[in-house]
Structures are given as C-alpha cells and as structure tokens.
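K.L.:
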Amino acid sequence: MIIWLNGAFGGGKSATAAALASILPGVRQFDPEWVGYMLRANLADQEFTDFQQLRPWRTLVPAVMQEVIDLTGQDLIAVQTVLVEEYWQELRAGLDARSLGVFHVLLHADPAVLAERIRADQEDPGARQWRLDHIGAFEAATPWLEADADLVIDSTTLPARHVARLIASAVLPVPSRQATGEPEG
Numbered sequence: 001m002i003i004w005l006n007g008a009f010g011g012g013k014s015a016t017a018a019a020l021a022s023i024l025p026g027v028r029q030f031d032p033e034w035v036g037y038m039l040r041a042n043l044a045d046q047e048f049t050d051f052q053q054l055r056p057w058r059t060l061v062p063a064v065m066q067e068v069i070d071l072t073g074q075d076l077i078a079v080q081t082v083l084v085e086e087y088w089q090e091l092r093a094g095l096d097a098r099s100l101g102v103f104h105v106l107l108h109a110d111p112a113v114l115a116e117r118i119r120a121d122q123e124d125p126g127a128r129q130w131r132l133d134h135i136g137a138f139e140a141a142t143p144w145l146e147a148d149a150d151l152v153i154d155s156t157t158l159p160a161r162h163v164a165r166l167i168a169s170a171v172l173p174v175p176s177r178q179a180t181g182e183p184e185g
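First residue of the sequence shown? That's 1 in the numbering used here, and the numbers climb one at a time after it.
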C-alpha cells in the first residue's frame, strides 16, 4: 500500500510523514521529488518549470515505487504536492496498473496559516516564494483534491503527530471484537 500525503506547501505533509513512519510498522518514506531531481539533471536541455510537467516523471514515479516495494517488502508513505488533476490521474493509473493500492490523504490548512508556515520554514528558503505563489493553485485544486482523497484532514491547528494518528487509524485494520474478546453488538 502507498499512503500518499498531498496538499499545499506548509500543510504539514513532511512532519506528518515522519510521525506516521514512527507509528506504523513496516513502512518506508518515499520522496517522489528525487525522481524529479534525477530528471531535472538529465533533461536540463528541455523546457519545463516543474518536473511534474514531464511525462517521464509521472511514468517513473509508479515504476520506482514498485521497485522499492519489491526490494524492501514495505509499504510506502509518499509526500508530494500534486495540484494538476491530469497529472494525479496519470500517477494513479500507473500505480493501479501495478496493483499498488493508494490511500490518498489531503492535508488542508487555512491559506493564512500556510503562508505563515512557509515564511517561517528555514529548511529551503530558496523555495519560499515559489511555495507562496502556489497557495492560490492549491485553493483552486481543492475541489477535485477533496473529491479524490480517501481522507481529508484540516491540519490548520493540529500537530503532525495527531494528524499521523488520524491517518494510521484510517489505514490500519480494526481488529474484530471477537479477536479482542469484546462482546459483539
């Protein structure tokens, strides 16, 4: 299974993924951006502003995920903002073709909070303006994202650990009452 954390920059995806990996047994974090970095380095002569625009990125991400799962035997947590519905559908089709189940989680936060978090982020200050510029694109994509997501969580005021627990409870099988000794009904 792949748990795909989607949402705006500053929505808490990376922190949630780290917290989720610490509470779910046998999962591995996977960053689809590294596929993009590889393509960016090897396709520098091509015109694009975002590696998601490259069809090879949308083709390779599912293939690389499958290879990682086959090698490790682990489920994956993917953190990647995908705001173009057509790109998401291509990724989803590639994952479906490989029989990889996807649990699509949308983390949504208030735009003012997103901007505040992005401005405060010291990890990649070079990407700050680009991320701020994409808050509107996230808001525009919200209707299709919410319709496609298996779980939508408002992360405006929730700590990442709490968001991770909500996701874990949604993806972990609930033990039957009989197995836990609880009376049925």
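The beta-carbon is built from N, C-alpha and C at its ideal position, and this holds for glycine as well.
I need the straight-line Cα distance from Ile23 to Ala168, nearest angstrom please.
P.N.:
Straight-line Cα distance between these residues: approximately 8 Å.
K.L.:
Contact check, Leu100 vs Gln53 under 8 Å by CB: the rounded distance?
P.N.:
Actually they do not touch by this definition, with Cβ atoms about 23 Å apart.
K.L.:
Tell me whether Arg92 sits in a helix, a strand or coil according to DSSP, three-state version.
P.N.:
helix
K.L.:
Keeping to the same chain, check which residues put their C-beta closer than 6 Å to that of Ala15; ignore five residues upstream and five downstream.
P.N.:
Residues of the same chain with a CB within less than 6 Å of the CB of Ala15, apart from the 5 flanking positions on each side, are Ala160 in chain order.
K.L.:
For the beta strand (DSSP E) containing His104, name the first residue and the last one.
P.N.:
Val102 to His108
K.L.:
Return yes when the Cβ of Ile118 is within less than 9 Å of the Cβ of Ile135, no when it is not.
P.N.:
yes
K.L.:
With Asp75 as the anchor, note down where its beta strand (DSSP E) starts and where it stops.
P.N.:
Taken as a continuous stretch (DSSP letters only), the beta strand (DSSP E) holding Asp75 covers Asp75 to Val79.
K.L.:
Consult DSSP for Phe30 and reduce its assignment to one of helix, strand or coil.
P.N.:
strand
K.L.:
Assuming Phe48 and Leu83 are in contact, meaning their beta carbons sit under 8 Å apart, how far apart are those beta carbons, in whole angstroms?
P.N.:
With 8 Å as the limit, Phe48 and Leu83 do not qualify as a contact, their Cβ atoms being about 15 Å apart.
K.L.:
I'd like to know if the segment 61-76 and the segment 113-130 are in contact, where contact means that at least 3 CB-CB pairs between them fall below 8 Å.
P.N.:
no
K.L.:
Reducing DSSP to helix, strand and coil, say where Gly7 ends up.
P.N.:
strand
K.L.:
Please classify Ala19 as buried or exposed, where buried requires at least 16 other C-beta atoms within 10 Å of its C-beta.
P.N.:
buried
K.L.:
Applying the criterion that 16 or more other CB atoms from any shown protein chain within 10 Å of the CB defines a buried residue, is Gly26 buried or exposed?
P.N.:
Counting the other CB atoms within 10 Å of its CB gives Gly26 a total below 16, which places it among the exposed residues.
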